[in-house]
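See below for the structure under consideration.
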Amino acid sequence: MSDVGLPERMLEQAAPWTPWSRRAWEPSSILRLRELSEATRWAREGVLSTSAVAWYRQSLRPLIGQDAGLASGAIRSQLDSLLKSDFPFDSQSRRRLDVLIEHADEHYLENWHASLTAGAPVEVERASRFIVGHVIDSGFHPNSVRRTVKKAISEELDTDQIVERLARLCDQPVQTFEGIVPLLDVPQPGIMAAHERWRDPRATNDILRAHEWKARREQSGSLHFAVSARDPFTAALQVHDELQRLVSRTTLLRSDGQLGYQAHWFCTTTKHIMELGRRTDNISVMSPVRTGHLYSGSSSKAIDDALTLASSLKTGPDSIAATSSWAAIEALLSAGSDWNEGTGKTVSADRAAWILTAAWPRAELTALSYQVARDSGVSSAVRHRLKTAGEDNARRCAIVLRALEGGALGPLSKAEEEAGRQRMLGLVESPRRTLRRVEGYIQGAFRRLYRQRNIVLHGGSTQTVALPAAIRTAGPLVGGVLDRLCHGIEVSGREPLDLAAQARTALDAAGDPGGWSLHELLGTE
13 MSDVGLPERM LEQAAPWTPW SRRAWEPSSI LRLRELSEAT RWAREGVLST
63 SAVAWYRQSL RPLIGQDAGL ASGAIRSQLD SLLKSDFPFD SQSRRRLDVL
113 IEHADEHYLE NWHASLTAGA PVEVERASRF IVGHVIDSGF HPNSVRRTVK
163 KAISEELDTD QIVERLARLC DQPVQTFEGI VPLLDVPQPG IMAAHERWRD
213 PRATNDILRA HEWKARREQS GSLHFAVSAR DPFTAALQVH DELQRLVSRT
263 TLLRSDGQLG YQAHWFCTTT KHIMELGRRT DNISVMSPVR TGHLYSGSSS
313 KAIDDALTLA SSLKTGPDSI AATSSWAAIE ALLSAGSDWN EGTGKTVSAD
363 RAAWILTAAW PRAELTALSY QVARDSGVSS AVRHRLKTAG EDNARRCAIV
413 LRALEGGALG PLSKAEEEAG RQRMLGLVES PRRTLRRVEG YIQGAFRRLY
463 RQRNIVLHGG STQTVALPAA IRTAGPLVGG VLDRLCHGIE VSGREPLDLA
513 AQARTALDAA GDPGGWSLHE LLGTE
């Protein structure tokens with residue numbers, strides 16, 4: 013396996029508009045190991061169950077052999093040995109894990125660079141997720157990662173050189189970014205005026221003019237922020253988090269009103285104007301549009317409630333996003349009999365993973381069909397059949413599947429589109445193995461969301477090591493599963509648990525001649 017297409021796949025992984033079916037479903041390896049170390053403390057305090065931590069620890073073991081960034085030899089051997097058995101927070105094993113994590117983090121991209129330079133076999137999908145995830149979890153915004161990779165591709169750098177450039181990016185020191193956020197409504201203005209970070213309207217207008225921005229009439233001065241971050245994008249996220257904390261304080265005042273602010277941060281360090289308050293990740297539920305229920309509401313009150321809860325993924329603080337989005341999943345995908353059957357609440361995460369895993373081939377094949385149709389290098393017969401199918405996505409998927417099975421769909425011109433063809437070729441050649449792997453990734457993302465929800469609700473902590481990564485990776489998946497559940501209700505009248513049963517049954521029969529076609533694992537609608 014070569015690294016052809018790896019830079020383009022890295023570029024796609026960092027793009028905010030990449031749909032759930034092609035995104036990274038897990039955080040970086042280093043962050044996952046740090047999450048395990050932190051989880052042992054929450055287990056000691058009774059916030060997480062020991063069984064949940066044990067499940068997570070066991071799920072990490074295959075990671076050690078798959079990620080070239082975790083080195084080899086003694087380091088990898090020690091990591092694997094520690095993950096074989098339980099260890100409490102106060103143990104030497106946990107302390108040794110922390111030592112290994114810090115060492116691996118320091119040399120992670122260096123190890124990837126060495127592996128690529130040596131020409132070691134590369135699995136593009138895993139490698140792109142490992143490398144991009146590492147840079148993002150090192151504190152960089154996906155926009156910075158995308159710009160760096162895009163510039164490197166334009167310079168026609170080799171893959172190992174691109175990784176070397178990313179390593180240099182990670183070596184840069186944390187910077188201090190300063191700027192202001194104009195205020196609109198200020199409860200207790202006297203207290204605000206005495207605040208060392210408050211800037212009066214005149215000083216605020218001077219800064220706005222320097223950014224070529226017209227002040228609003230209702231402006232009440234501004235708050236100055238100085239934050240330490242890796243780039244201006246993550247600095248803006250920190251500013252928004254601080255503002256949300258201030259808003260929460262004023263919301264609890266006896267008087268009416270709360271702190272109001274203009275949703276832009278004017279960074280005086282870089283002259284950037286950064287929008288605040290809305291995540292750019294592709295978290296979307298489009299079924300209400302396709303089924304005509306966007307403004308009339310769903311025929312299912314439970315679906316409407318779930319959409320209301322999940323909307324916090326777009327605008328709410330990470331802590332609210334985690335608790336509310338998990339409530340949406342659990343409300344739709346849990347049953348009264350779960351406790352009697354000994355499955356517990358994590359079964360809701362597993363059922364969500366079943367549904368999305370079953371939906372994954374259809375999502376990927378649909379996108380691939382449109383890419384194939386515009387690729388002049390593809391067989392004219394295949395492209396003609398796709399043109400005849402029009403917008404009937406089920407037919408389009410069936411055409412692409414038959415072409416892959418019959419060897420009639422060769423390599424595509426664009427590297428990122430060829431990566432998609434390779435993914436579907438792997439699915440056709442080994443359906444059950446491929447789907448089992450996809451299911452494992454998605455299951456891990458939903459269970460992480462559940463653990464973070466428990467830490468927020470039962471531990472009262474909103475600043476855990478994995479919370480931002482959990483929202484980044486699981487957020488689009490929550491949108492994806494709600495989209496399928498909305499579609500199931502409105503198009504075929506199938507309840508969420510019925511759709512989960514369909515998904516599990518079809519996945520267990522994947523690849524069997526008597527089973528479901530790969531693009532119809534959730535049914536034919």
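Residue numbers in the sequence shown follow my numbering, run continuously in steps of one, and reach 537 at the last position. Glycine included, each C-beta is placed from N, C-alpha and C at the ideal position.
Rounded distance between the beta-carbons of residue j and residue i, thought under 8 Å
i	j	result
Leu-255	Val-193	6 Å
Arg-433	Leu-421	7 Å
Val-161	Ile-174	6 Å
Phe-142	Asp-79	5 Å
Leu-489	Ala-457	6 Å
Ile-332	Phe-278	So it is not a contact: roughly 26 Å between Cβ atoms.
Arg-95	Leu-319	The displayed chain sequence assigns Leu, not Arg, to residue 95. No, Leu-95 and Leu-319 are not in contact; Cβ-Cβ is about 38 Å, not under 8 Å.
Ser-33	Ala-375	4 Å
Ser-232	Leu-195	5 Å
Leu-18	Thr-262	Actually they are not in contact, since the Cβ atoms of Leu-18 and Thr-262 sit about 48 Å apart, beyond 8 Å.
Burial state of residue i, where buried means 16 or more other Cβ atoms lie within 10 Å
i	result
Trp-29	exposed
Glu-417	exposed
Ala-393	exposed
Met-22	buried
Ile-203	exposed
Pro-443	buried
Leu-533	buried
Pro-373	buried
His-531	buried
Asp-117	buried
Val-186	exposed
Ala-431	buried
Gly-487	buried
His-125	buried
Cα-Cα separation between residue i and residue j, rounded to whole angstroms
i	j	result
Glu-441	Ala-415	13 Å
Leu-249	Glu-502	37 Å
Ile-454	Gln-200	47 Å
Tyr-307	Gly-492	20 Å
Trp-366	Leu-91	30 Å
Val-144	Asp-520	32 Å
Tyr-462	Ala-205	42 Å
Ser-93	His-396	55 Å
Gln-70	Ser-49	13 Å
Ala-482	Leu-497	21 Å
Arg-46	Val-59	17 Å
Val-111	Asp-350	40 Å
Ala-247	Arg-257	16 Å
Leu-345	Ser-234	45 Å
Pro-154	His-146	11 Å
Val-450	Arg-229	53 Å
Alpha helix (DSSP H) segment containing residue i, residue limits
i	result
His-555	The question about residue 555 has no answer, for the chain in this structure spans 13 to 537.
Val-157	154-166
Leu-416	405-417
Arg-69	62-78
Ser-97	Unbroken run through Ser-97: none, as it is neither H nor E.
Gly-202	201-205
Asp-183	171-183
Lys-226	That residue, Lys-226, is in no alpha helix (DSSP H); it is neither H nor E in DSSP.
Ser-84	Neither: Ser-84 is in no alpha helix (DSSP H) and is coded neither H nor E.
Thr-320	313-322
Span of the beta strand (DSSP E), counted from its first residue to its last, around residue i
i	result
Gly-191	187-197
Ala-36	Per DSSP, Ala-36 belongs to no beta strand (DSSP E) and is neither H nor E.
Ala-241	234-241
Item checked: Segments assigned alpha helix (DSSP H), at least 4 residues, entirely inside the stretch 436-513 -> 443-471, 479-499
Check: Quick one: complete alpha helix (DSSP H) runs, 4+ long, within the stretch 260-299?
Finding: none
Check: What residue ranges within the stretch 105-144 form continuous beta strand (DSSP E) runs of no fewer than 3 residues, ordered along the chain?
Finding: none
Checklist line | Entirely enclosed beta strand (DSSP E) segments - the stretch 332-394, minimum 3 residues | finding: For the stretch 332-394, not a single whole beta strand (DSSP E) run of length 3 or above is found.
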